[in-house]
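Everything on this sheet refers to the single structure shown next.
There are 2 protein chains.
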Amino acid sequence: MKKYIVQDSWNIVEEGFHRDFNEITESVMSLGNGRLGQRGNFEEKFTGKTLQGNYVAGVYYPDKTRVGWWKNGYPEYFAKVLNAANWIGIDIDIEYESLDLNHCDVRDFRRVLNMQEGYLERSFVAVLKSGREIQVNAKRFCSIVDDEAGAIRYAIKPLNFEAKITITPYINGDIRNRDANYDETFWDEVRKETGYGEAYIELRTRKTGFHVATGMCVEIEQDGVKVDYQSQPIKYEKYVANRITLDCRKGQETVVYKYAVNLSSLNYDSDTIIKDAHQYIQRITRKGYEKMLFEQKQAWADKWKTNDIIIEGDIAAQQGIRFNIFQLNQTYTGEDERLNIGPKGFTGEKYGGSTYWDTEAYCLPFYLATADQKVAKNLLVYRYKQLGKAIENAQKLGFRAGAALYPMVTMTGEECHNEWEITFEEIHRNGAIAYAIYDYVRYTGDEQYLVDYGLEVLIAISRFWSQRVNYSKAKDQYVMLGVTGPNEYENNVNNNWYTNYIAAWTLRYTTEAVAKVKAINPSAYADLIDRIHFREEKELATARQIMEKMYLPKDDAMGVFLQQEGFLDKDLMPVSDIPKGQRPINQNWSWDRILRSCFIKQADVLQGLYFFEDEFDTETLKRNFDFYEPMTVHESSLSPCVHSIQASKLGMKEKAYEMYLRTARLDLDDYNNDTEDGCHITSMAGTWLAVVKGFGGLRIETGKGTESRVILNPYCPDNWQSLSFKIRFRGVLLQVTTTQQDVTVHNFSGEPFTIQLLGKEVTIKAESHKTVSTKVMA
Amino acid sequence: MKKYIVQDSWNIVEEGFHRDFNEITESVMSLGNGRLGQRGNFEEKFTGKTLQGNYVAGVYYPDKTRVGWWKNGYPEYFAKVLNAANWIGIDIDIEYESLDLNHCDVRDFRRVLNMQEGYLERSFVAVLKSGREIQVNAKRFCSIVDDEAGAIRYAIKPLNFEAKITITPYINGDIRNRDANYDETFWDEVRKETGYGEAYIELRTRKTGFHVATGMCVEIEQDGVKVDYQSQPIKYEKYVANRITLDCRKGQETVVYKYAVNLSSLNYDSDTIIKDAHQYIQRITRKGYEKMLFEQKQAWADKWKTNDIIIEGDIAAQQGIRFNIFQLNQTYTGEDERLNIGPKGFTGEKYGGSTYWDTEAYCLPFYLATADQKVAKNLLVYRYKQLGKAIENAQKLGFRAGAALYPMVTMTGEECHNEWEITFEEIHRNGAIAYAIYDYVRYTGDEQYLVDYGLEVLIAISRFWSQRVNYSKAKDQYVMLGVTGPNEYENNVNNNWYTNYIAAWTLRYTTEAVAKVKAINPSAYADLIDRIHFREEKELATARQIMEKMYLPKDDAMGVFLQQEGFLDKDLMPVSDIPKGQRPINQNWSWDRILRSCFIKQADVLQGLYFFEDEFDTETLKRNFDFYEPMTVHESSLSPCVHSIQASKLGMKEKAYEMYLRTARLDLDDYNNDTEDGCHITSMAGTWLAVVKGFGGLRIETGKGTESRVILNPYCPDNWQSLSFKIRFRGVLLQVTTTQQDVTVHNFSGEPFTIQLLGKEVTIKAESHKTVSTKVMA
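Residue numbers (the working numbering), protein chains in the order written: chain U, 1 to 778; chain G, 779 to 1556.
Here it is in structure tokens:
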């Protein structure tokens, strides 16, 4: 846990240079626009602790899998997020001295990530070994308007000398992944070009053959006037630069504008990609830095208009939640249905792959409530497009007849993970993908989605469940053997309650979806079942049989569901009994000890009670919460949010707040000592859930047909003055503000809107608001 | 399955050169003497398919572990068997042509492993590209008398030409392991020396720092007369040789005698090891090839005198069983308590480590019955000496107070394996180590072993079990969660019957051993408990509690023990239901499918019923056999032998023979397509067990005190004329010969000896025999 980040409501601020924490700062100060991004690295040379990182969405490398002992079915390759060409570089040489903060005294250092306007700014005075002092101000952003481009304003001022200063803006493609299994190089050079103030390089990934063209154009001003500089082009292997030497007077500001683009063959023809880069560069250079920055601010203002959460009375919480929302928006914009939400976004390269069940279980509700409907839809279509691969994946494991198993980790639909207990057995992920379809349709009312995409996916997943269970004669029930549930501190267990439940639920929802699609569009349905050889009667009959006889372990005496069969044979004890110094247990205990202990990494039964809350009463939730929460160590960043939501629902405000705090500033405070690898992007969505579904009590109640109702039961945590959040629901934008006394709901739409607020039906007029006292209701 | 090895009762014969199978032939024709050994490689250059392999017992390299995902507790290093300097090499160049069987026509090729006398002989005529024909006869052995040496007689004869022939005997230490995780080099050169006809090289292993000095001396004869040749010494990096050029007439035989030694710093001071090698070489060179070979034959004759099994009427079976006995004797001689029985012996380098639970469970009974008592004792002392490491190993997993967990795979006592489900969970191995103590004491009557070594090990293992179980409130019994039983096709199961049983048994036997040692030597006992802080009363009370309340899953209706809790929830079906082409399942099914299937890799409940047969009646064995045998795929080479023994006991002769056949010629016929990696040494002991304990029905019944009785219930499999085996028991050598009609037992000792034969007490006079009809008994 570190506390050096300055608390500020809109900015992430580092005051003074924290050398040892630099990789952490680089992670949290990452920039991204959904298409490209980079860590908060320095532009100029830096030989100290740093993880240089530039990333291009959708461009990956199939790194050869590393295993201890091979098991049949393991994937041969693992899609790695690629560290790509560095386009931010600007080296500064003052005659014989290089500007390198690792080798000079640094004064007045300040690095700020401005989340309101979407840029990174850094200023400092460097005192060189010679005693020369130079002031630097660097500001850059990844444009969300021109989303294949970025721009940098890099200003230098000699404070106590005059000299010839050499400025070398460059693009360096000689990059290796820190996270590589066999230390291979992933990029080859294709071609490079330099021109006056310009330089381009085209690289190709090995094996996958992605082309990425990176280009730059440099403009320089002195005394506010554009300089007609002399530049010397430089080309090395995978490296292009322009070396520019200028006379700089004492006190004179020299400003370098560096425009950069990053085009990938996902979107451009690789034959002309350098030309396209050139045109793109020309366009943004003409537009100019100031206009680009202005557009950037506008675009971010638009986002915050529907996204922002305001917390009064707790600046750390305010900063934390905005940071989370900011990073989520930087990572995924929903513009491109081929992209998804990588676990580290553009903030690091660890883990690889881009898609986990986190997307469906945690991120989807965030985008549903804060972005245009198409954003959430694109997340679903992404999986639809990978259905063929999911069917292949299931075939590799011996399933047939169109059964689909979505991968645990993927980039292209192919499995990337290789631990048998996860890859082959953590199959509940398949259920989350079905659940996301349900969640999307419930929220948006877009039943056409079922016709166009959803039902096909549901049938394939249901086929998997039908084959994956087996009938136990001993129990006269269907059982599911050898699975790993959401709690990965249990492996290869039998009858994980959550997995069995979501499997049975999927079968039920698929049956309903069949009926719905048949009703909406009989001919589309006929086409579909013909195409996928769906034998309706037989397959639904099997599904019904399984649904009815699915074994769901429980203990009647305690009235709790059992995480898995045999759970009560464990030595049950609360987390508080773990001896001091032995937590987190995953860093202190051997794996077998963790497995046979009762301790839970991440909500499992409680995850199920969260997904399917309408099917269980509050007393059931309470009993299970009281049973499982004391045994949960929350060693996954995805865990506390679910417990927080459940605690809110149960009126356990202190517990809810404690759980909220566990993730709200996870990266800003480097809670788990791993932020240097990158930020925990998907768990940021969990924090948002804890606020909006937990404190805000947001629920969507499905009514008849596609009619759904927004339910709100908000409260303000004790130590906050107020909490305010916005949600979008089917064209309506609402703002919910809750203080210790009352709740105000604004309706920004042109129509009156009826919700259920604190248990009462409330209609809010168009472009108006209503305030209800919380005291009355209590 | 391959059938090219010629059937012969005493020899392993390859007629004609089987190029494509060469690595298989090299494996089966390996030579060894317990101290060093090598694969059946060619002396002269060979550029075809070959795995050059020379091995030195006890010399290993800690190869860096390779894992997919690190788990706490994994060992950082994995002790690899080291491929060491090649000392057999003799290159032959006929002017401009090299002798290389890959690039010439080969006539009259014959390679023979003579098991009776312990040497490898190879003869052929090579027709070179030039048309020149050369006849070669090569014969070599690894001496079991001078057990750090080997000798080669390499004779060449030009058949249709005369020429200057260059003979280059060499030692090459520039060797890499084929089985290396990161393709590292494991050896560094220390020094080398050459002299007239002599050459020495000293190499040191990286990290472990073992020194191995390899030396050679060359003598040459032409026309039966020693030649005073000119030699040119050659030294390259890690390579020494002498190049000798001789005029060879047509039809003249030139014989090269190459004497070699291999000394390791396990036994010699590394400062003087080259000098020691020089002296050793001088000694054996003086002794000479013929004398060495004569001594070799004598030594092997001595071994066969107590080891041999004679099968009449089935030459394939005869060859198979002798091959197994021969390889077991080549691998381990029991001379050195620091050594053990590697899974591949000196026949290959795969798997690494040298010791598995195979030693205790399968190999010990072989050495007990065929070798001097000290051999079996040394196998036990090996583990005693590693007790400290076993305690450390348990500590790493969170156990304390002197609890010991012996490693799954080891060289030095440290764990080498890194799959969590095996390394951390396949803990039944600990029970086998306790059982071996029991087995040894029962067989030898050597109760002093308990005083000197055994009890200390038993207490440490019992401490482990006491801590590893936990009390289940739900069951009011002790349970053992998260284990892998002998059947590795189940992972992380709860309450594996075998593991729970052997744990409870260990506690019981330890309690008995405490009483015994207290009685035999109270002061030694007092010293021991003081040294290891054994709190007798408390620890035995805990043990008693666990023994009494150990949960042993069973199904009363069927009257079978359950391999693990929940076994009956599986989709139970016989192996015969597995669709064609899907076996072995471990090459065709994904791991999760194997795990949730009912199919059993290796005897598990039946292994327990084998170890503890006195504690169960035959009906119980029958019910369990009938239940489990049809579900067993025997995809471990250690499985069929146990089933064979059980089938013999149940009178299921056909099944017993079928199971026997599964392993008897496993390597000779390359049954599993993996003999090229080396032979399955430990499962050879299993084959011996199937004969002696299965067909032979050998049992040892423990009587009062140390009195034990030999029980024999032999029968002759239907298609054999007779079966004859020998056993040593407490100074007595017996030979048991059974035909279809009768059984004859010879007593070669100087005292009368009483046994139970076919259910009847029989006393055989000194140096006499007795024959009993089997018909009468049936």
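A virtual CB, placed ideally from N, CA and C, is assigned to each residue, including glycine.
Give me the residue from U:A213, U:K344 and U:N114 with the minimum Cα distance to U:L293.
Minimum Cα distance to U:L293 is reached at U:N114.
Between U:Y4 and G:V1257, what straight-line distance do the alpha-carbon atoms span, to the nearest angstrom?
49 Å
Could you check where the alpha helix (DSSP H) with U:G320 kicks off and where it finishes?
In the DSSP assignment, U:G320 falls within the unbroken alpha helix (DSSP H) covering I315 to T331.
According to DSSP, U:G37 sits in a beta bridge with which residue or residues?
BP columns for U:G37 point to U:G32 and U:Y55.
Against chain G, does U:A474 count as a neighbour if the rule is that its beta carbon must be under 8 Å from one of theirs?
Interface residue, yes.
Within 10 angstroms of the Cβ of G:K1358, are there 16 or more other Cβ atoms? Answer buried if so, exposed if not.
That one is exposed.
Starting from the C-beta of G:D798, find all residues in its chain whose C-beta is less than 6 Å away, skip the five residues before and the five after it, and write them out in chain order.
Once the five neighbours on either side are set aside, G:D798 has no close Cβ partner at all.
Does the count of Cβ pairs from the stretch 146-165 of chain U and the stretch 256-267 of chain U closer than 8 Å reach three?
yes
Going along the chain, which residues of its own chain have a beta-carbon closer than 7 Å to the beta-carbon of G:I953, five neighbours each way excluded?
N861, A862, A863, N864 and W965
Beta-bridge pairing of G:D1114 - partner residues as DSSP gives them
In the DSSP assignment, G:D1114 is bridged to no other residue.
Could you give the residue range of the beta strand (DSSP E) that holds U:K760?
K760 to I764
Restricting to runs no shorter than 4 residues, where is the alpha helix (DSSP H) found entirely within the stretch 1338-1388 of chain G?
1363-1366 and 1369-1374
Should G:S908 be labelled buried (16 or more other beta-carbon atoms within 10 Å of its own) or exposed?
exposed
Report, in whole angstroms, the separation of the C-beta atoms of U:T168 and U:Y60, which I expect to be a contact under 8 Å.
Not quite, the Cβ-Cβ distance comes to about 30 Å (not below 8 Å), so this is no contact.
G:A991: first and last residue of the uninterrupted beta strand (DSSP E) it sits in
H989 to Q1000
Against chain C, which members of the stretch 1338-1349 of chain G pass a CB distance test of less than 7 Å?
The chain inventory of the structure shown lacks chain C, comprising the protein chains U and G.
Which residues in the same chain as G:Y1557 place their Cβ atom closer than 6 Å to its Cβ, once the five residues preceding and following it in sequence are excluded?
Lying before the first or after the last residue shown, residue 1557 of chain G is absent from chain G, which here runs from 779 to 1556.
G:E1197: contacting residues in chain U (beta-carbon distance under 9 Å):
Close to G:E1197, with beta-carbon spacing below 9 Å, are these residues of chain U in chain order: G68 and W69.
Check the C-beta distance from U:A277 over to U:V261 and give it rounded, since I have them as a contact under 8 Å.
5 Å
Check each candidate in G:V1187, G:R1021 and G:N1171 and name the one with the smallest Cα separation from G:G1180.
G:N1171
Who pairs with U:D146 in a beta bridge, going by DSSP?
The partner list for U:D146 (beta bridge, DSSP) is empty, contrary to what the question assumes.
Strictly by DSSP, which residues pair up with G:R931?
G:K917 and G:Y1035
Who are U:S722's beta bridge partners in DSSP?
U:E312 and U:T739
What residue does the beta strand (DSSP E) around U:Q756 start on, and which one ends it?
F753 to L757
Once DSSP output is grouped into helix, strand and coil, what is the label at U:W791?
Any property of residue 791 of chain U remains undetermined from this structure, which presents chain U solely from 1 to 778.
Where U:Q477 and G:M1351 are concerned, what is the direct C-alpha to C-alpha distance, given to the nearest angstrom?
18 Å
Would you give the residue range spanned by the beta strand (DSSP E) that G:V905 belongs to?
Y897 to V905
Can you tell which of G:Y833, G:V845, G:A1463 and G:N1248 has its C-alpha closest to the C-alpha of G:T1201?
G:V845
With burial defined as no fewer than 16 other Cβ atoms inside 10 Å of the residue's Cβ, what is the status of U:Q232: buried or exposed?
exposed
Among residues of its own chain, excluding the 5 on either side of U:D179, which ones have a beta-carbon nearer than 6 Å to its beta-carbon?
Excluding five sequence positions before and after U:D179, the CB atoms of its chain that fall closer than 6 Å to its own CB belong to E349 and K350, given in chain order.
Within 8 Å, strictly: CB atoms of U:L458 and U:A434
yes
With 16 as the cutoff for other CB atoms within 10 Å, does G:T1549 come out buried or exposed?
Exposed.
Per DSSP, what kind of secondary structure is G:N1278 in: helix, strand or coil?
helix
Let's see if you can read the secondary structure: which residues bound the alpha helix (DSSP H) around U:S648?
That run of the alpha helix (DSSP H) goes P640 to K649.
Quick one, which residues of the stretch 457-487 of chain U are near chain G if we go by CB-CB under 8 Å, in chain order?
N470, Y471, S472, K473, A474, K475, V479, L481 and G482
Can you find the residues in the same chain that come closer than 6 Å, C-beta to C-beta, to U:G454, ignoring five residues on each side of it along the sequence?
I437
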